[in-house]
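Asker: Below is a structure I'd like to ask you about.
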Amino acid sequence: MITDEIMKTVSKKIDNSTSLVFLTGAGISKESGIPTFRDHDGLWKTYDPAKLASYSSFITNPKLVWEFFHDRQKSISTKEPNKAHFAISEIELLKKSWLLTQNIDGLHSKAGTKNIIELHGNIFNVKCINCLRKEVLDINAEIPPLCRDCGSILKPDVILFEETLDMDNWDTAINLVSSCDVMVIIGTSLEVGPVNTLPNIAYKNNSFLIEINPQDTWFTPYADFSFRYSGSIILPKIVELLK
Ligand SMILES: NC(=O)c1ccc[n+]([C@@H]2O[C@H](COP(=O)([O-])OP(=O)(O)OC[C@H]3O[C@@H](n4cnc5c(N)ncnc54)[C@H](O)[C@@H]3O)[C@@H](O)[C@H]2O)c1
Ligand SMILES: [Zn+2]
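Just so you know, we're using the working numbering here: the sequence shown kicks off at 43 and counts up by one.
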């Protein structure tokens with residue numbers, strides 16, 4: 043049950059915060075029509091992650107991995123942000139905040155949010171595996187696409203299994219969660235490391251923790267408030283109370 047009382051308390055915490063951080067995962071984009079990984083209808087029930095999303099399989103069979111990503115790129119390019127993405131961009135206009143996302147779909151930017159760290163990269167960018175040059179994906183290019191500078195294979199600029207995160211992004215994320223006073227965690231099972239360690243850091247820092255997810259997660263007992271609802275229900279209510 044979401045009472046007016048609870049909504050007011052949570053919104054007040056956000057309104058009074060001096061350092062607000064959002065952390066989002068695949069669940070926030072589910073209502074935009076993008077499957078999550080671990081829900082009962084999630085992607086990993088259909089595909090084997092070790093075969094399709096690991097760096098070693100990319101090197102062994104780049105064409106196969108590219109075919110998987112190309113399907114996702116084509117599908118995600120047709121998707122639009124939902125009420126939850128838009129609510130976060132509206133909150134950013136009202137309160138200085140930072141958004142850390144595990145999503146690679148670019149929907150937060152499409153919704154207008156500016157202060158974003160895409161911890162797992164962006165499916166619409168590519169990076170050369172040799173000279174590391176980055177560019178925007180040409181969705182019509184033949185796959186696997188090749189680097190125009192050195193001729194090596196370009197890889198979707200997303201973090202595959204066996205790869206580490208971009209160190210600058212990670213340092214910024216750690217600094218943000220080490221100093222935030224409110225953290226809002228939406229649509230993530232918190233099963234993927236190292237990102238799933240970020241809420242713990244905020245917890246140890248006595249940050250006020252709000253979780254929004256229709257399902258419990260291992261982090262639920264540590265949250266000050268856990269909403270068992272979709273982000274598209276709760277976040278617009280917070281926006282209304284902040285206005
Ligand atoms: N849209 C995307 O960019 C996308 C899609 C699939 C996977 N991924 C990748 O999946 C990895 C896995 O971790 P994850 O934790 O992000 O996803 P996950 O699939 O492990 O978990 C999704 C979570 O979202 C919750 N959820 C479902 N519908 C929701 C809603 N309407 N509102 C709020 N929560 C909802 C589920 O209960 C679940 O806990 C990340 O590395 C990410 O890069 C990204
Ligand atoms: Zn190159």
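Backbone N, C-alpha and C fix where the C-beta goes; we use that ideal spot for every residue, glycine too.
Is the number of C-beta pairs between the region 167-183 and the region 125-132 that are closer than 8 Å three or more?
Answerer: no
Asker: Pairing CB atoms from the region 237-253 with CB atoms from the region 91-101, are three or more of them under 8 Å?
Answerer: no
Asker: Which residue comes first and which comes last in the beta strand (DSSP E) that contains K137?
Answerer: Per DSSP, K137 belongs to no beta strand (DSSP E) and is neither H nor E.
Asker: Report whether the distance from the Cβ of E205 to the nearest heavy atom of ligand 1 is below 8 Å.
Answerer: no
Asker: When the Cα of N157 is compared with those of T120, L65, L179 and I70, which residue comes out closest?
Answerer: L65
Asker: Give the secondary structure of D213 by DSSP, where H, G and I count as helix, E and B as strand, and everything else as coil.
Answerer: helix
Asker: Kindly list the residues whose CB is nearer than 6 Å to the CB of W140, restricted to its own chain and excluding five residues on each side of it in sequence; keep chain order.
Answerer: V63, N157 and L218
Asker: Does the Cβ of G193 lie closer than 8 Å to at least one heavy atom of ligand 2?
Answerer: yes
Asker: Out of curiosity, what's the CA-to-CA distance linking K105 and G75?
Answerer: 26 Å
Asker: Applying the 10 Å Cβ sphere with the 16-neighbour rule, what's the burial state of P187?
Answerer: Result: buried.
Asker: Among residues of its own chain, excluding the 5 on either side of T155, which ones have a beta-carbon nearer than 6 Å to its beta-carbon?
Answerer: I130, S131, E134 and L141
Asker: In terms of residues, what are the limits of the alpha helix (DSSP H) holding K246?
Answerer: L240 to K246
Asker: Take every Cβ of the region 189-197, pair it with every Cβ of the region 173-181, and state whether three or more of those distances are shorter than 8 Å.
Answerer: Proximity of the region 189-197 to the region 173-181 meets the contact definition, three or more beta-carbon pairs being nearer than 8 Å.
Asker: In the DSSP assignment, find the beta strand (DSSP E) that holds N182 and state where it starts and stops.
Answerer: Taken as a continuous stretch (DSSP letters only), N182 belongs to no beta strand (DSSP E), as it is neither H nor E.
Asker: Check whether the Cβ of L179 sits closer than 8 Å to any heavy atom of ligand 2, and report yes or no.
Answerer: no
Asker: When the Cα of G273 is compared with those of E73, L149, S119 and T143, which residue comes out closest?
Answerer: E73
Asker: Quick one: residues in its chain with C-beta nearer than 7 Å to the C-beta of K197, no 5 flanking neighbours on either side, listed in chain order?
Answerer: F100, V168, K169 and I171
Asker: Under 8 Å: do the region 246-257 and the region 218-227 share three or more Cβ pairs, one atom per stretch?
Answerer: yes
Asker: Apply the 10 Å Cβ neighbour rule to E47 and answer buried if 16 or more other Cβ atoms are within range, or exposed otherwise.
Answerer: exposed
Asker: What's the gap between the Cα of K50 and the Cα of F269?
Answerer: Looking at the two C-alpha atoms, the distance is approximately 14 Å.
Asker: Taking the alpha helix (DSSP H) that A254 belongs to, which residues open and close that run?
Answerer: A quick correction: the sequence has Ile, not Ala, at residue 254. Element bounds for I254: not the alpha helix (DSSP H) but the beta strand (DSSP E), F250 to I254.
Asker: Is there at least one Cβ from chain E nearer than 9 Å to E109's Cβ?
Answerer: In the structure shown, chain E cannot be found, because there is only a single protein chain.
Asker: Any idea if F230 is buried or exposed, counting beta-carbon neighbours within 10 angstroms, 16 or more meaning buried?
Answerer: It should be noted that the sequence gives Thr, not Phe, for residue 230. Its Cβ being crowded by 16 or more others within 10 Å, T230 is buried.
Asker: Given a cut-off of 9 Å on the beta-carbon distance, is the pair L94 and K285 in contact?
Answerer: Contact annotation: L94 and K285 have beta-carbon atoms that are not nearer than 9 Å.
Asker: Have a look at K34 and G67 and give me their C-alpha separation to the nearest angstrom.
Answerer: Any question about residue 34 goes unanswered here, given that the chain covers just 43 to 285.
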